[in-house]
Every structure is written in structure tokens, then in C-alpha cells.
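When the letters of the sequence shown are read in order and numbered with mature numbering (1 follows the signal peptide of the UniProt record, and there is no 0), they come out as residues -22 to -1, 1 to 315.
All C-beta atoms in this analysis are idealised placements derived from N, C-alpha and C, irrespective of residue type, glycine included.
If you're wondering where the values come from, they're calculated on a predicted model, not measured in any experiment.
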Amino acid sequence: MLVLKTSLHFCCCIISVALTNSRKDEHFMYPLTSEEGNKSYIDFIQSLYPVHYTTKVVDIKNKSVTRKFVEPYYCREVTKRRNVSGTNKFGGTITKQEARVFTNMSYIHYRLQLVKKLYNDTYEDIMSSYNSCFTTKDVGIPELNRKPFIVIESKYKAEKTKIMKILCKSLGARCINPPHYKMRMLLKRLNRVNFYGIQNLANSLAMYAYAYFIRQILNTGVPVVSGGYYTQFACSKIERRYPYPFIPPPSQKMTYTQPTDLMPADVIFFIDFITEVGAVRNYYHRSVYIYQRFRNTGTIKIIRNEYGDLNQTILAIKRILLPHLDKNLNLVKKIKP
């Protein structure tokens, strides 16, 4: 029995060493060893691979405003292995992941026509709910000299709601959340019957109806603070499609580029709070890496702060926002990345 236990222990040690070496070769990095000193995970990755882009992150706790992000090794491997399932006449190649995130209104209608052939009643319900959102004529809004359209997004829903309420009170803005209120019951019904593909198309239509609703509010001279927009919708789809810790490769333009016919926000604040575990490991939430890959969405500002410190977070938002507004809170200068 003693010999058997010793041999099993020896085998386990060999397997453990083999796994450790394989992880080291594949660069799946965990908290660094003492020989790396105080270098963070991101700094260590930068020493291995060239920097592809720079994203500004307002890190209140660490008093830094810029962090460099790179595309990790395993992301490039995913890019090589991904299977193309077809060609989209509206925007290049399509993969199974990309087909779940819409490209533009033309593509949505193209997919809905396929739904109509199989589920005509469901198609009629979707179009009826969508058309009921447009009660008045749509209006265009100027790029400047109007009230701002601000988006607040975060994985911490309770804190996000508190920040929205404080910001709305300060700006005299209207707080709203997607989707359009006339399509919420429809989306709940589709969710119960597990029509994922059809529900995704309905969500896409609801995004356009929501943008119409925002334009109507802005046209009345009232600022808008939204608790989510396209980036939140697309980020949730991306995270579901890719297992942890993989990050979607930036070459998938359909997944990362907001449709050109969907109104962009003036600024999108993604709030990431630093927990005790995250502070020890210098950990960045996976959503941060996804948000800094978005294109054509409007300016994205990523703000990181200690969990629960809402006052400093609000102060950081105001420091970014107020220099671009006049005394009447009109947007007079475009907010740059």
C-alpha cells in the first residue's frame, strides 16, 4: 500500500510539472512569480509581444490615465482557426459568431424574410411591435449645439443605476434603459420560447427603435443618459460566444464595428470597479479588453475605481464631460477618445 501511494504521488508530481511547463509555453499567464518583481500581467505580456494599440483608461486608484493593451497569443491563434460559414453581401465574411450580431438594417430585414417563411405569426408580432414605436416623424439631430447623449455601462448594475441617477440630477437629463418600452413584452415572450436567433433579430430592431426614441427626446431640448446601448448589447453576445479567457480577435469587423446607420452616442462611459481580488492580481475585467476594440461607436471612456467609491467616479465623469458643454449644458465640442 505504501509503495502504491508513493508511486501515485510521484506520477501526480510528474503530471503537475508537465502541466506547468505546457502553460508556460502557451503563455497562459497567472499571478507572476517573484522573479518578475512588481511587473503586472499586462506589462509582462508587452515584453513578449509588440503593442497593437493604446487605449486610455482613467484609473483613479492608481492615478494613471493611459494603459497599453496588446492582443495576447491565444487571440491570434483563434483568428487563424476560426471557420468562415459564408459571405455577407452587406459587409464581408460571416462567421457563426458574427451572424448573431447585426451589421445594419438591410441585413436585419434580409434575415427577417427568412423568419417570415417559417414563422409568419412571429414575424408579424415583431414587425407590429417595432412599427408601434414610431408614433411621430423621425427627426435628425445636429452633431453639435444640442443636448448630449450619454451612455453609462458597467457589469455592476446597482452601482451603474446610482451613477445614472446622480448624473441625471446634475444635468437635468432623462434616464432611460434599452430596449424600447414598446418592445419589452415581445422580447420577454421570445426569451421564454427559446427562439434565440429570432430574439436576436428582434433585439436588433429594438436598438433602432431605441435610437429613434433618443432622437425624439434630444429634439425637445433634454439631455439623455442611457443605461446601455449597442456596445453593451454586442459585448454580451461576444462574451457568451467565447469561453474564458479567450478574447475575440479584432479582425472580426462585423462584431466590433457599430452599424453606420445606427446613431452613435456622444460618449460611452464603461465603469469598471476594482475589487480586493482584482487589486491584488492587477486584474482587468474581460469586458475592458472587448470595449477597447469597438469601432464607430462614439467615444468610449473606461473609468476604473475602487468598488463602491461613487463620488470619485462621478467626479471623473464630470471632468471628462463638462469641458465640452457650455453654460446651458449644450454639446459645443466633440468629445475625443
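From A243, K215, V310 and P315, pick the residue whose C-alpha is nearest to that of I268; which is it?
Relative to the Cα of I268, the nearest Cα in the group A243, K215, V310 and P315 belongs to K215.
Using C-beta distances below 7 Å, list every residue in its chain close to M142, excluding the 5 sequence neighbours before and after it, in chain order.
I130, C153, V203 and G205
Please look up how many angstroms separate the CB atoms of I249 and K138, rounded, as I've assumed it's under 8 Å.
6 Å
Quick check: P156 and Y188, are their CB atoms within less than 8 Å of each other?
yes
On the three-pair Cβ rule with 8 Å, is the region 116 to 125 touching the region 302 to 311?
Yes: the two stretches touch, three or more of their Cβ pairs being nearer than 8 Å.
Assigned secondary structure, C111 (DSSP; H/G/I helix, E/B strand, else coil)
coil
Please work out which residues of its chain come closer than 7 Å, Cβ to Cβ, to H263, disregarding the five sequence neighbours upstream and downstream, and give them in chain order.
K133 and D250
By alpha-carbon positions, which one of L303, D287, T198 and I104 ends up nearest to F173?
I104
Looking at L196: is its Cβ nearer than 8 Å to the Cβ of I119?
In this structure, the beta-carbon distance from L196 to I119 falls below 8 Å.
For S84 and A180, I'd like the C-alpha separation in whole angstroms.
Cα to Cα, S84 sits roughly 14 Å from A180.
Let's see if you can read the secondary structure: which residues bound the beta strand (DSSP E) around N283?
T277 to E284
Identify which residue in I252, T275 and S265 has its Cα closest to the Cα of residue 317.
Residue 317 cannot be examined here, being either before or after the span of the chain that is shown, -22 to 315.
Leaving aside the five residues before and after Y108 along the sequence, list all residues of the same chain whose C-beta is less than 7 Å from its C-beta, in chain order.
M161, L183 and A187
Measuring CA to CA, which of I292, K312 and T277 is closest to K147?
Cα-wise, what sits closest to K147 is I292.
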